[in-house]
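Novice:
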Amino acid sequence: MTTAHHVPHWIELAGAYNVRDLGGLPAAGGTVRPRVLLRGDNLDSLTGEDIALLGEEVGLRAIVDLRAPFENPRAAEWLPRHGVSWLHEPLLDLTGLTDPAVINAQDGRDYAGLYARMLEPAGPGLARILEFLVSGPRIPALVHCAAGKDRTGVTVAVLLAVAGVERDAIIADYLATAERIQIIRETLARKPEYSHLRARIAASKLPDAPPVVEPRAIAGVLDLVEAAPGGPAGYLIANGATRDQIARWRELLIEPN
1 MTTAHHVPHW IELAGAYNVR DLGGLPAAGG TVRPRVLLRG DNLDSLTGED IALLGEEVGL
61 RAIVDLRAPF ENPRAAEWLP RHGVSWLHEP LLDLTGLTDP AVINAQDGRD YAGLYARMLE
121 PAGPGLARIL EFLVSGPRIP ALVHCAAGKD RTGVTVAVLL AVAGVERDAI IADYLATAER
181 IQIIRETLAR KPEYSHLRAR IAASKLPDAP PVVEPRAIAG VLDLVEAAPG GPAGYLIANG
241 ATRDQIARWR ELLIEPN
């Protein structure tokens, strides 16, 4: 599998490691506008300088938090001060699962299989995320989970695909997380909310290997939504989105040639 060359637009922060702007990705008839869609990892440890950068320089207007309830997702106190809306939309219940975004994957680190299992029940949540993004002043928006890899990867892939972003560009963006995965893993391993996952890893006797960032995992997500009747748009419409919302999202995200 070949992927497009992509230079990620990292937003360097002291308290998060996987935040980047998706501006510049090629799409049908244009490119992704900068300062529309950002993706990232855990934002709980942002410094005052980080907050000022996101709230003032980036001009952030919305955050979509994909974490499960046990991860203690919450709207940070600085959000109202900067006019940032917050949506909690847990994409996957991880209470009975060893989360590959945090420690390791199960079953031989089968990320493609995990993503397929994630996508199956996630459709209504993805449609709600789309509705949130196109309703009101919610741009720029940042979508994040714990590592910014798996749940964020699936969500961002669908949001990009429905706007006509090129498949190879979506895969290349997903792969950029590999540059930061080790420090993300080390940071999350110190957080107490993931102690039960660490215990499950120890009990499973699985090797403590770094999470894998491989193209076939996110390519499988794209295969599934492209195979849906009507493609990515049809997938979201079947799960509650409207054609007007999809058209509006494309207008917001894509800068025409």
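Residue numbers (the UniProt record's numbering): 1 to 257.
Idealized CB from N, CA, C, for every residue including glycine.
For a test of the three-state rule: what should DSSP assign to aspartate 65, helix, strand or coil?
Specialist: On the sequence shown, position 65 is the one that residue 65 refers to. In the structure shown, aspartate 65 sits in a strand (DSSP, three-state: E or B).
Novice: Determine the burial state of threonine 177: buried for a count of at least 16 other Cβ atoms within 10 Å of its Cβ, exposed for fewer.
Specialist: Residue 177 sits at position 177 when you count from the first residue of the sequence shown. Threonine 177 comes out buried.
Novice: In chain order, what residues of the same chain have a beta carbon less than 6 Å from the beta carbon of alanine 62, not counting five sequence neighbours either side?
Specialist: Residue numbering aside, residue 62 sits at position 62 when the sequence shown is read from its first letter. Correct list, in chain order: Ser85, Arg138, Ala141.
Novice: Look at alanine 157 and isoleucine 237 and say whether their C-beta atoms are less than 7 Å apart.
Specialist: On the sequence shown, position 157 is the one that residue 157 refers to. On the sequence shown, position 237 is the one that residue 237 refers to. No; because the gap between Cβ atoms is not below 7 Å, this pair is not in contact.
Novice: I need the boundaries of the beta strand (DSSP E) containing proline 137, first residue and last residue.
Specialist: Here residue 137 is taken as the residue at index 137 of the sequence shown, counted from 1. Looking at the DSSP string, proline 137 is not in any beta strand (DSSP E), and its letter there is neither H nor E.
Novice: Assign glutamate 120 to one of three DSSP states: helix, strand, or coil.
Specialist: Position 120 of the sequence shown, counting from 1, holds the residue named residue 120. Glutamate 120 falls in the helix class under three-state DSSP.
Novice: Do alanine 163 and leucine 253 have their C-beta atoms closer together than 7 Å?
Specialist: As a first step, residue 163 must be located in the sequence shown, where it is residue number 163. As a first step, residue 253 must be located in the sequence shown, where it is residue number 253. In contact: alanine 163 and leucine 253 (Cβ atoms closer than 7 Å).
Novice: Using DSSP bridges, identify the partner residues of residue 262.
Specialist: Missing from the structure shown is residue 262; the chain here goes from 1 to 257 and no further.
Novice: Can you grab the Cα-Cα spacing for the pair glutamate 89 / aspartate 41, in whole Å?
Specialist: In the sequence shown, counting from the first residue as 1, residue 89 sits at position 89. In the sequence shown, counting from the first residue as 1, residue 41 sits at position 41. C-alpha separation (whole angstroms): 15 Å.
Novice: Put aspartate 244 into one of helix, strand or coil per three-state DSSP.
Specialist: Here residue 244 is taken as the residue at index 244 of the sequence shown, counted from 1. Of the three classes helix, strand and coil, the one that applies to aspartate 244 here is helix, per DSSP.
Novice: So, helix, strand or coil for arginine 74, using DSSP?
Specialist: For this step, residue 74 is matched to residue 74 along the sequence shown. DSSP places arginine 74 in coil when its eight states are reduced to three.
Novice: Which value, in whole angstroms, describes the spacing of the CA atoms of arginine 243 and glutamate 49?
Specialist: In the sequence shown, residue 243 corresponds to position 243, counting from 1. In the sequence shown, residue 49 corresponds to position 49, counting from 1. When rounded, the distance between both Cα atoms is 39 Å.
Novice: Since alanine 233 and isoleucine 246 should fall inside the 8 Å C-beta cutoff, what is the C-beta to C-beta distance between them, to a whole number of angstroms?
Specialist: Counting from 1 along the sequence shown, the entry for residue 233 is found at position 233. Counting from 1 along the sequence shown, the entry for residue 246 is found at position 246. 5 Å between Cβ atoms; contact.
Novice: Taking the Cβ atom as the reference point for each residue, do isoleucine 180 and asparagine 72 lie within a distance shorter than 7 Å?
Specialist: In the sequence shown, counting from the first residue as 1, residue 180 sits at position 180. In the sequence shown, counting from the first residue as 1, residue 72 sits at position 72. According to the sequence displayed, residue 180 carries arginine and not isoleucine. Against a cut-off of 7 Å, the Cβ pair of asparagine 72 and arginine 180 comes out as no contact.
Novice: If distances are taken between C-alpha atoms only, which option among Arg67, Ala28, Arg33, Ala16 comes closest to leucine 22?
Specialist: Against the sequence shown, residue 22 aligns to sequence position 22. With distances taken between Cα atoms, leucine 22 lies closest to Arg33.
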